[in-house]
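K.L.:
Counting in the UniProt record's numbering, the sequence shown runs from 1 upward without gaps.
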Amino acid sequence: MNPDLFSAARWGFLDTLNRMIGDSEGNILEQTTPVGNTALHIVARFGHKHLAEEIIKKRPSLMSKSNLNGETPVHLAARAGRHEVFEIFINAVKDSPEVDICSDTDRFGDTPLHGAVRNGHFKILNALTQRNLESLLKSNAASETPLSIAIDLRLTNIAAKIITLNQSTLGYLGDNGQKPLHYAVMRQDFGIMNIIIGLRNDSVRDSDNRNRTPLHYAAALGHQRMVEELIEKDPSVAFAEDVNKQIPLHLAAENGHARLIETLLKHSPDIVEKVDNKQQNILHIAAKNGNVKVVSYILKLPEMEDLVNSPDVDGNTPLHLAASNYHSNVVGILTKNSKVEIRALNYSGNTALAIVRMPENRGMELEKHLTLKILKAAYKNKAINPEDLAEDTQFDEVEVEKSNKSGEKSREIARTITVMSTVIATFTFTAAFTLPGGFQSDGAHKGMATLITKSAFKAFIISDSIAMSSSLTAAVIMLWSSSLRDTESFMDMLPLAIALTWISLVALAVAFVTGLFVVLQEILWLAILVCVIGGTLPFLVYIVSPTFFLVLERSRRRNIVEDNSLLFTVGLMKIFGERLRNYF
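1. Can you tell me where the alpha helix (DSSP H) holding D332 begins and where it ends?
2. Nearest CA to the CA of L283: which residue from L334, K245, A467 and N244?
3. For F439, name the three-state secondary structure that DSSP assigns.
4. Grab me the residues of L173's own chain with a C-beta within less than 7 Å of its C-beta, minus the 5 sequence neighbours each way, in chain order.
5. Please classify residue 627: is it buried, with 16 or more other beta-carbons within 10 angstroms of its beta-carbon, or exposed?
6. Under 7 Å, do I211 and V243 count as touching if we go by C-beta distance?
7. Can you find the residues in the same chain that come closer than 7 Å, C-beta to C-beta, to R10, ignoring five residues on each side of it along the sequence?
8. For A449, which residues does DSSP report across the bridge?
9. According to DSSP, is P302 part of a helix, a strand, or is it coil?
10. With DSSP run on the structure shown, which of helix, strand or coil describes S406?
11. Please determine if the segment 509 to 528 and the segment 459 to 467 are in contact, where contact requires at least 3 C-beta pairs separated by less than 8 Å.
12. Please state whether DSSP places I247 in a helix, a strand or coil.
13. Express the C-alpha separation of S469 and L524 in angstroms, rounding to a whole number.
14. Taking the continuous alpha helix (DSSP H) assigned at S7, which residues delimit it?
15. Measure the beta-carbon distance from E71 to K49 and round it to whole angstroms, keeping in mind my assumption that it falls under 8 Å.
16. Near S7, which residues of its chain fall below 8 Å by C-beta distance, leaving aside the five closest residues on each side in sequence?
17. Measure the beta-carbon distance from V308 to N337 and round it to whole angstroms, keeping in mind my assumption that it falls under 8 Å.
18. Apart from the five residues just before and just after D175, which ones in its own chain have a Cβ nearer than 6 Å to its Cβ?
19. My assumption, with CB atoms under 8 Å, is that H121 sits in contact with A160. Please give the rounded CB distance.
20. If I measure Cβ to Cβ from H327 and keep anything under 6 Å in the same chain, skipping five residues before and after, which residues do I get?
21. Are the segment 180 to 193 and the segment 206 to 226 touching, with three or more C-beta to C-beta distances below 8 Å?
22. Here's the rule I'm using: 16 or more other beta-carbon atoms within 10 Å means buried, otherwise exposed. How should P269 be labelled?
23. Going by beta carbon distance, what residues of the same chain come within less than 7 Å of S296, once the five residues before and after it are set aside?
24. Return helix, strand or coil for F239, following the three-state DSSP convention.
25. What do you reckon, are the CB atoms on N329 and V292 nearer than 7 Å?
26. Go through the segment 175 to 239 residue by residue and report every complete run of the alpha helix (DSSP H) that reaches 4 residues or more, in order.
27. Rounded to the nearest angstrom, what separates E303 and L353 at their Cα positions?
28. Would Q280 be called buried (16 or more neighbouring beta carbons within 10 Å of its own) or exposed?
29. Are the beta-carbon atoms belonging to T536 and L500 less than 7 Å from one another?
30. DSSP on S24, reduced to helix/strand/coil?
31. Would you mind working out which of G349, L301, N325 and K300 sits nearest D314, comparing C-alpha positions?
32. Terminal residues of the continuous alpha helix (DSSP H) containing P146?
33. Would you kindly report the start and end of the unbroken alpha helix (DSSP H) that includes A39?
34. Would you mind reading off the limits of the alpha helix (DSSP H) that contains E54?
35. Determine the direct distance from the alpha carbon of I477 to that of N381, and round the result to whole angstroms.
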């Protein structure tokens, strides 16, 4: 394309454009950019209506000319929200009903309306639908309609307008057979959900290709208001089964939504008896996924006795599933319940204890160790006759050998902790005797810290002391426990050392930030900047990362302790505290 023509179209130079058209008798308008855009494409993109009018007078056919992506100038005007230019295009063909510029599709199957909706251009939507209301029903190559795009992007006003203009859009089916109400629930758009339900009450029973209703997705996501609204419209959807025979209650248990379970049972209490295609009830599902709050809630239900020892298709009880996934907190809760049969055998003839002891079952060593200890303790606490302890002792020799092998990796962790603790102790010891601001060299307070009255300095001293004491204690624990030949005792002490090392790292980061602040506070902007730089990364690692890994855990269904040491430490500290109370 001629550079002067490109500049004129881009910046809206009407005089330059007219001169170039006159000199070339209009032929210059046929030139294109490398991607196939004509001058009208560029004018439409940047919204120069006077240039658009002039070009259409000379070459009206350019309105339908596509670039290499299959986009006409109408596509670009709609996508960019150039309402005035778009109106010019509409007016240019209003007397030619056979010309439908609103239905042209690009190589992705998008009409101009798709682009306008995707970018939230309300005026373009109105202009387009006045010209062609049926364009609201068109799907692109990705099976997206304007309505599904609006719901997906949570453009509530636009979605509501589309539904109002053409209620036939509610009959849309996505790739997975999902209807607009499914999309509204999955995007947690409560407003659109209510609009759809208000127009079509029966839509709450719509199912997708997996036979899941909107209530399934609301329960899985934990959206309390949506669940209440959907189930009030039609309580029967609480019994709807998907292809795995799972009802919404099962998905709420899988994702740890105890409050939702209470709501669902309040409306339909008998659904507590439902099992999926693996014959697993809600307690099986909650225990398998390590959802402590849900397990605790279920154990308080009157139907609890019918659930706790119920076998699934493989004969596994909830305790079997919790133990096989090393959810030690859930195992602890179940084994403390007097109704739980800890010696129950699955169809392979294994108890929960035997499953954990299987050599092929590999997992997080410490979590497996804690699960094993809880089960062994439960056997001893619930022993009635000496022979009841037979299973706990029959594997002792194998257990000792396996424990020694599995302890090798943990001893490597212990050596790492010892080195880290020593380094942290060295840093904090040095910092304590090279204080920020130094010491007073004369006067009545000779030898005192110069900045002793500053709040930031006090925070530095406290955090430095915490880091020092925590790291030294962790090093001593590792030194003492590593000398023990008893691998089990060593594994018991390792969680405490990990927790103390983690605390010392946090305190060290706080000491660093407060130490810098106290010496830089005269230049406040610099002090704040340094604190932000020095504190942002530790904050992300210590605080934000647990949430991030929790999301990953929900999607991968893995044990969170494999990924995040902070959550791991909190859990282990709790269990260690329980052990300590038992000892005393």
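For each residue, glycine too, the CB sits at the ideal point set by N, CA and C.
As the structure is a computational prediction, the values presented were derived from the model and not from experiment.
P.N.:
The relevant details are as follows:
1. Within the sequence shown, residue 332 is the residue found at index 332, counting from 1. Before going on, a small fix: residue 332 reads as Gly here, not Asp. Where G332 is concerned, the enclosing alpha helix (DSSP H) stretches over S328 to K336.
2. Residue numbering aside, residue 283 sits at position 283 when the sequence shown is read from its first letter. Closest by alpha carbon: L334.
3. The sequence position of residue 439 within the sequence shown is 439, counting from 1. Reduced to three states, the DSSP call for F439 is strand.
4. Numbered from 1 along the sequence shown, position 173 holds the residue referred to as residue 173. Excluding residues within five positions, the ones whose Cβ falls inside 7 Å are K179.
5. Residue 627 cannot be examined here, being either before or after the span of the chain that is shown, 1 to 584.
6. As a working note, residue 211 is residue 211 in the sequence shown. As a working note, residue 243 is residue 243 in the sequence shown. In the sequence as displayed, the identity of residue 211 is Asn instead of Ile. Yes; because the gap between Cβ atoms is below 7 Å, this pair is in contact.
7. Within the sequence shown, the letter at position 10 stands for residue 10. Spatial neighbours of R10 in its own chain (CB-CB distance under 7 Å, excluding positions within 5 residues in sequence) are listed in chain order as I42 and F46.
8. Translated into the one-based positions of the sequence shown, residue 449 becomes position 449. Under DSSP, the beta-bridge partners assigned to A449 are F439.
9. Position 302 of the sequence shown, counted from the first residue, corresponds to residue 302. DSSP places P302 in coil when its eight states are reduced to three.
10. By 1-based counting over the sequence shown, the position of residue 406 is 406. Only weak support is given to the placement of S406: the predicted model assigns it a pLDDT of 49, under 50, and the value that follows is read from those uncertain coordinates. Three-state DSSP puts S406 in a helix.
11. Touching, per the Cβ criterion.
12. In the sequence shown, counting from the first residue as 1, residue 247 sits at position 247. Residue state, collapsed to three classes: coil.
13. Taking the first residue of the sequence shown as position 1, residue 524 is located at position 524. Taking the first residue of the sequence shown as position 1, residue 469 is located at position 469. Cα to Cα, L524 sits roughly 31 Å from S469.
14. Along the sequence shown, one-based indexing puts residue 7 at 7. In this chain, the alpha helix (DSSP H) harbouring S7 covers P3 to W11.
15. Reading the sequence shown from its first residue, position 71 is the one you call residue 71. Reading the sequence shown from its first residue, position 49 is the one you call residue 49. In this structure E71 does not touch K49 by the C-beta definition: roughly 19 Å separates them, more than the 8 Å allowed.
16. Translated into positions along the sequence shown, residue 7 becomes position 7. Around S7: F13 and T16.
17. Mapped onto the sequence shown, residue 308 falls at position 308. Mapped onto the sequence shown, residue 337 falls at position 337. Right, the Cβ-Cβ distance comes to about 7 Å (below 8 Å), so this counts as a contact.
18. In the sequence shown, counting from the first residue as 1, residue 175 sits at position 175. Only S143 meet the Cβ criterion.
19. Translated into the one-based positions of the sequence shown, residue 121 becomes position 121. Translated into the one-based positions of the sequence shown, residue 160 becomes position 160. With 8 Å as the limit, H121 and A160 do not qualify as a contact, their Cβ atoms being about 15 Å apart.
20. Counted from its first residue, the sequence shown places residue 327 at position 327. Excluding positions up to five away in sequence, the list reads G290.
21. The count of Cβ pairs closer than 8 Å, one atom from the segment 180 to 193 and one from the segment 206 to 226, reaches three, so the stretches are in contact.
22. In the sequence shown, the residue the question calls residue 269 occupies position 269. P269 comes out exposed.
23. Taking the first residue of the sequence shown as 1, we reach residue 296 at position 296. If we look at S296 and ignore the five residues flanking it on each side, its Cβ neighbours are I333.
24. Taking the first residue of the sequence shown as 1, we reach residue 239 at position 239. Shown here, F239 sits in a helix according to DSSP, grouped into three states.
25. As a position in the sequence shown, residue 329 is number 329, starting the count at 1. As a position in the sequence shown, residue 292 is number 292, starting the count at 1. Inclusion of N329 and V292 in the CB contact set at 7 Å is warranted, their separation being smaller than that value.
26. DSSP runs (the alpha helix (DSSP H)) wholly in the segment 175 to 239: 180 to 186, 190 to 199, 214 to 221 and 224 to 233.
27. Counting from one through the sequence shown, the residue named residue 303 turns up at place 303. Counting from one through the sequence shown, the residue named residue 353 turns up at place 353. C-alpha separation (whole angstroms): 26 Å.
28. Looking up residue 280 in the sequence shown gives position 280. By the 16-neighbour rule on beta-carbons within 10 angstroms, Q280 is buried.
29. By one-based count along the sequence shown, residue 536 stands at place 536. By one-based count along the sequence shown, residue 500 stands at place 500. Not in contact: T536 and L500 (Cβ atoms no closer than 7 Å).
30. Against the sequence shown, residue 24 aligns to sequence position 24. If DSSP states are grouped into helix, strand and coil, S24 belongs with the helices.
31. Along the sequence shown, read from residue 1 onward, the residue named residue 314 stands at position 314. Of all alpha-carbon atoms in G349, L301, N325 and K300, the one lying nearest the alpha-carbon of D314 is that of G349.
32. Looking up residue 146 in the sequence shown gives position 146. Taken as a continuous stretch (DSSP letters only), the alpha helix (DSSP H) holding P146 covers P146 to D152.
33. By one-based count along the sequence shown, residue 39 stands at place 39. A39 to F46 is the extent of the alpha helix (DSSP H) around A39.
34. Mapped onto the sequence shown, residue 54 falls at position 54. Unbroken alpha helix (DSSP H) run through E54: K49 to K58.
35. Looking up residue 381 in the sequence shown gives position 381. Looking up residue 477 in the sequence shown gives position 477. The alpha-carbon atoms of N381 and I477 are separated by roughly 29 Å.
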